[in-house]
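Below is one structure, written out as structure tokens; comments come after it.
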Amino acid sequence: MRKLWQKKQKELRAKSTPWSNCVVMDSLDCIKKTLQMNNILITGATGNVGFEVIRFLTKIDSSNRIVAGVRNIEKAKNVFKDYPDLAYTHFDFEDFDTFDSALKGIDKIFLLRPPPISDIDKYFKPLISKIKEKNITQIVFLSVQGAEKSKVIPHNKIERLISENGLDFIFLRPSYFMQNLTTTLIEDIQTKREIILPSGNAKFNWIDIENIGEAGAILLDKFGDYKNQAIEITGLENENFETVTELINSLIDNPIKYRNVNPLKFFRIKKREGMVKGMIIVMILLHFLPRFQKEPRISDFYERLTGKKPTDLKTFIEREKESIDKQ
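Residues in the sequence shown are numbered consecutively from 1, following the working numbering.
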């Protein structure tokens with residue numbers, strides 16, 4: 001009997017099936033669980049949000065198979081060297097030829113818009129069509145707080161594309177990323193000791209990308225519980241850039257200042273620095289329009305979802321002090 005069990009176990013492991021690691025004597029439960037496995041594609045996997053979504057997905061006790069959609073698989077493997085079970089596929093928003101193979105066998109998608117891409121019809125319309133063609137109906141799209149109010153921002157157009165194609169969705173609408181201080185704005189901070197924006201005294205709600213990644217992972221795993229909902233995720237603080245700059249200066253050694261400029265001057269500055277036109281326009285929309293809008297709503301969704309308070313600005317700045325203080 002023991003020899004027969006060993007023989008069957010060897011045969012099962014030799015087969016190239018998703019359940020080939022199932023032990024024979026527990027094979028029914030194991031195979032059942034494996035057949036329920038969801039293949040989840042994470043776009044923008046090596047970016048700030050994508051990385052955090054993957055990090056938190058790997059902590060969830062489920063049968064999900066996580067697939068990182070990346071332009072360069074070898075570089076991505078180095079980024080995710082601590083995640084040996086992560087799968088990879090070649091995916092590039094600007095290379096339509098990668099869509100078919102990247103979407104093969106996928107059940108759920110975490111979709112985001114790379115900051116440089118502003119032409120939604122050119123890049124996202126064919127992608128959404130291919131997703132629909134592949135019968136992938138479960139999409140968690142990383143949108144932005146207030147996307148429903150403005151048809152001119154790219155996120156609004158993508159949301160409409162998804163819903164008009166009849167796909168099941170969760171629109172995750174975060175507020176303003178704290179990490180903008182350490183990514184988009186960091187060059188001006190480090191080289192000029194300035195934050196240069198057309199934001200005036202507009203207040204922004206500040207959210208940590210780690211909180212977004214955690215929420216995104218849970219929503220992907222529990223998609224059915226939140227299907228076809230638009231969900232705002234925010235921090236607990238509404239602050240303008242002047243106040244945030246003062247907070248930063250109270251925690252670092254090399255002070256910075258906030259310089260408010262009009263949109264035209266901002267465009268000229270960033271164009272001269274080599275920023276692509278589409279990116280500049282998106283930056284203006286995200287930072288100038290809030291001057292004419294109500295103060296952002298504060299949502300308790302993150303706390304209800306996780307049982308934890310979101311990161312506050314002081315904690316974030318202390319965590320990222322080295323980068324912000326660097327000259």
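The C-beta atom is built at its ideal place from N, Cα and C for all residues, glycine as well.
By the Cβ test, the region 108-119 is in contact with the region 135-142, since at least three Cβ pairs between them sit closer than 8 Å. As DSSP reads the structure, residue 276 sits in no beta bridge. If one requires a minimum length of 4 residues, the alpha helix (DSSP H) runs lying completely within the region 213-276 are 223-226, 241-249, 263-272, in chain order. The beta-carbon separation of residue 318 and residue 251, rounded to 6 Å, stays under the 8 Å limit for a contact. Excluding five sequence positions before and after residue 257, the CB atoms of its chain that fall closer than 6 Å to its own CB belong to 194, given in chain order.
Here residue 141 carries a strand assignment [DSSP, helix/strand/coil].
Less than 8 Å separates the beta-carbon of residue 290 from that of residue 204. By the CB criterion at 8 Å, residue 87 and residue 67 fall inside the cutoff. The beta carbon of residue 79 is closer than 6 Å to those of 46 in its chain, skipping five residues each way along the sequence. Under the DSSP definition of a beta bridge, residue 168 partners with 138. Proximity of the region 216-233 to the region 278-294 falls short of the contact definition, fewer than three beta-carbon pairs being nearer than 8 Å. Of 208, 172, 187, the smallest CA-CA separation from residue 229 is found for 172. Closest option to residue 302, judged by alpha-carbon separation, among 276, 272, 211, 260: 211. Between residue 128 and residue 161, the C-beta gap is smaller than 8 Å, which places the two residues in contact. Partner residues in a beta bridge of residue 191, as assigned by DSSP, do not exist. In the DSSP annotation of this structure, the continuous segment of the beta strand (DSSP E) that includes residue 87 starts and ends at 87-90. The region 50-114 contains, as complete beta strand (DSSP E) runs of 3+ residues, the segments 65-70, 87-90, 108-111 (chain order). If you draw a straight line from the Cα of residue 315 to the Cα of residue 97, it is about 43 Å long. According to DSSP, residue 176 shares a beta bridge with 206. The shortest CA-to-CA distance from residue 311 to any of 73, 206, 182 is the one to 206.
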